[in-house]
Each structure stands twice: as structure tokens, then as C-alpha cells.
Amino acid sequence: MFTRRAALMGAALVAAAPYVIKPVLAEEVMDTSDAAPVDLSAMPRRKVRLLAPPYVHEHEQVASTGPEIVEFEMKIIEKELQVDDNAWIQAMTFNGSVPGPMMVVHEGDYVELTLFNPPENILQHNIDFHAATGALGGGSLTLVNPGEKVVLRFKATRPGTFVYHCAPGGPMIPWHVVSGMSGCIMVLPRDGLKDHLGAPVSYDRIYYIGENDFYIPKGPDGDYLRYADAGEGYADMLDVMNGLIPTHVVFNGRVGALTGVNALEAAQGETVLFVHGQANRDTRPHLIGGHGDLVWETGKFNNVPERDLETWFIRGG
Ligand SMILES: [Cu+2]
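This is the structure we're talking about:
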């Protein structure tokens with residue numbers, strides 16, 4: 208039987224096809240096929256339960272052990288989310304939140320992610336880790352249809368904060384990203400963070416701010432449109448996306464996600480680490496009545512942090 212779901216998946220495949228089947232150039236995918244196999248059987252394993260942003264799962268800042276295999280699980284959830292009082296989006300999410308949950312490991316650890324695309328979804332998805340080297344960041348190894356599950360393992364070799372996002376090919380990539388499918392992984396140096404002089408620094412709290420740009424179509428009366436599922440809104444959203452002007456730019460998926468009763472809290476005198484990511488567009492956060500004491504503006508901990516900043520520039524991931 209040719210179901211509506213099959214039709215939608217077909218449409219997605221056709222749209223992506225010219226890009227997916229295109230022969231992949233040598234410089235695009237690192238060929239590791241003749242690399243010596245690594246025996247990981249003796250390496251300790253640790254399971255981590257992810258938290259919805261702005262919260263971040265418990266973690267050590269200075270690693271007390273040698274490298275480990277850190278196991279994560281994420282479920283892809285397609286669902287309608289309210290972005291503002293009068294605006295909704297058929298979101299595609301890692302674990303149900305926009306952005307997806309933040310992961311923390313240490314340099315030298317292996318990240319082992321089980322990614323599940325449940326059967327009630329209608330689209331193919333995958334994950335591309337900017338922290339990983341080779342195989343399109345895992346994107347070429349993790350494409351899963353509804354009802355499929357995949358396990359990806361990579362070694363975190365570079366310290367810093369990195370975007371991950373869904374990248375199922377061609378026009379599907381920006382569509383899935385601006386529908387909510389991005390998140391962040393932080394790879395800490397094993398001996399923790401250092402200030403501008405190389406002295407150890409630590410934080411009392413950590414918050415993850417994921418910034419999103421949405422492109423929500425309007426009807427003839429000027430009201431934002433709602434759709435039965437992501438596939439139904441695809442063509443209309445593509446029109447708005449092609450104009451390159453978002454209808455909404457929000458922190459953590461919706462207007463008010465980090466203000467009022469949702470405001471981020473800290474006690475006076477505490478040191479707070481903000482990890483601020485944007486998968487798609489550049490952004491320039493500015494603290495009012497405060498300063499960035501230490502700012503790794505590029506998000507990479509091998510670089511010396513800047514000091515006393517008022518405004519800083521975050522490159523689209
Ligand atoms: Cu996706």
C-alpha cells in the first residue's frame with residue numbers, strides 16, 4: 208500500500224537524492240579503511256543520561272580517570288512545538304527539545320551514541336558531529352529511517368564546544384536544522400579549563416543556550432500557518448527559508464524560554480559557564496550590566512580565552 212508516510216519519505220528522498228548519490232570526493236570523507244583496528248574491549252564504559260537544555264548532565268571538569276567510552280542515547284522526536292503565542296512549528300528534535308541536549312566528554316574519550324528514529328516519525332534523520340573527524344562527522348554512517356536505530360562511536364580528539372546537527376543530504380540539511388535538529392557537545396581538556404595565564408579555572412554552574420532561527424510561513428491574512436506534520440509544511444517553509452529572513456530568532460526554542468519563571472539562576476559570586484551555540488547563523492550576544500570574564504570566542508579550548516568582553520561574536524556552527 209502506498210501510504211501518505213511513504214509518499215512523504217519518497218518526496219524527501221527525491222529532494223535529497225542528487226546530493227546523496229553524488230560520488231563522494233576523497234577530500235570530503237577521510238578514508239580510514241586501512242587504519243589499524245583499535246581494541247577497545249578493555250576500555251571502561253560509562254552511561255550518561257542527557258538533560259533538556261538549558262541544563263547539562265553532571266560531569267567532572269577535571270577527569271579523574273583515563274579515557275572512557277561514554278555512552279549516550281538520543282531519540283528523534285517529530286512534534287509540534289509552540290514558538291510564540293501565535294506561532295507553531297512542526298519541529299524535528301533530538302530527544303524532544305530544541306536545541307538538542309548538550310553532551311560533555313573529555314579529550315581522548317570515545318563518544319558512543321545510540322540514535323533511534325521511532326516508527327511514528329515520517330522522515331529519515333542522521334547526526335553530523337562537528338567534533339568528529341571523518342565520515343561526514345558520522346552523517347554518512349547514521350542515516351536512519353523511521354523504526355531504525357544506529358550506534359555511532361568516535362574518538363573526541365579536539366577540545367572545545369562543537370555543534371552537532373541532522374544532515375540527511377541536500378535541501379534536507381537546512382530544513383532539518385531550522386526545524387530544530389541541532390545541539391552541542393563539549394570536549395573538555397582532561398585537566399580542565401585554563402585561564403589566559405594557563406592557570407586552572409572551574410565553574411560552579413553551566414548552562415547551555417542554543418539559539419534558533421525559524422522560518423514560519425504566513426497565510427493570506429498574515430497569521431502564521433500550522434501544519435499536520437513536517438512534510439505538509441515543507442514547500443511553504445522552503446519559500447520563507449529562501450528569503451533568508453527568519454520570522455523568529457529565539458533562545459532555546461521559543462519566546463520566553465529563558466526569561467521570567469524560566470530565567471537562569473546563580474548565586475552571587477558563583478562562576479557560570481555559558482555555552483552558546485547557533486548551528487546556522489552568526490550571532491553576537493551582549494551582556495547588559497556584566498562582562499565575559501573569560502571568553503573562548505571560537506569555542507575551542509586550545510586557544511587562549513579573551514577577557515572582560517562586553518559583546519562577542521559566535522560563528523554559525
Ligand atoms: Cu533530521
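Add 207 to a position in the sequence shown, counting from 1, and you land on the number used in our numbering.
Even for Gly, the Cβ is constructed at its ideal location relative to N, Cα and C.
Note that this is a predicted model, so its numbers are computed, not measured.
From the DSSP output, in three-state form, read off residue i for me.
i      : result
ILE380 : helix
GLY367 : strand
VAL468 : helix
ASN510 : coil
MET393 : strand
MET250 : coil
TYR317 : strand
VAL269 : coil
ALA474 : coil
TYR431 : strand
ASN419 : strand
ALA294 : strand
TYR262 : coil
TYR441 : helix
THR518 : strand
GLY344 : helix
VAL245 : coil
VAL462 : coil
MET309 : strand
MET388 : coil
VAL447 : helix
ARG491 : coil
ILE329 : coil
Hey, out of the options, whose CA is closest to residue i's CA?
i      : options                           : result
MET250 : LYS362, GLY460, GLN475 and THR490 : LYS362
GLY523 : PHE508, ASN510, GLY426 and GLY417 : GLY417
GLU477 : VAL468, GLU439, ASP515 and SER409 : SER409
ALA338 : LEU471, VAL358 and VAL312         : VAL312
THR368 : PHE301, PHE336 and LEU471         : PHE336
PHE279 : PRO260, PRO261 and GLU319         : GLU319
ALA270 : LYS254, PRO306 and VAL394         : VAL394
ILE452 : PRO260, PHE323 and VAL385         : VAL385
GLY550 : GLU472, GLY429 and CYS391         : Within the shown structure, residues of the chain are numbered from 208 to 524, placing residue 550 beyond reach of any answer.
VAL447 : ARG433, ASN469 and TYR422         : TYR422
ASN509 : ALA486, ARG397, VAL479 and ILE276 : ARG397
LEU465 : PHE481, GLN475 and GLY450         : PHE481
ALA470 : SER347, TYR414, HIS403 and VAL277 : TYR414
HIS151 : PRO353, VAL502, GLU285 and ASP292 : With the chain covering only 208 through 524, there is no way to say anything about residue 151.
GLU355 : LYS282, LEU516, ASP443 and LEU343 : LYS282
ASP411 : VAL263, ILE521, ASP246 and ARG253 : VAL263
VAL456 : ALA294, PRO375 and VAL277         : ALA294
GLY429 : ARG256, THR454 and PRO375         : THR454
According to the neighbour-count rule (16 or more other Cβ atoms, all chains shown, within 10 Å of its Cβ), is residue i buried or exposed?
i      : result
ALA243 : exposed
HIS332 : buried
PRO366 : buried
SER248 : exposed
ASP316 : buried
THR272 : exposed
VAL468 : exposed
ASN449 : exposed
ILE495 : exposed
VAL351 : buried
PRO261 : buried
GLY344 : buried
ASP241 : exposed
VAL305 : buried
GLU267 : exposed
Please confirm if residue i has its CB atom under 7 Å from at least one CB of chain B.
i      : result
ARG253 : In the displayed structure, chain B is absent; only one protein chain is listed.
Specify which residues have a beta carbon nearer than 6 Å to any heavy atom of ligand 1, listing them in chain order. MET299, HIS332, CYS373, PRO375, HIS383 and MET388
Taking contact to mean at least 3 C-beta pairs separated by less than 8 Å, is the region 424-437 in contact with the region 282-300? yes
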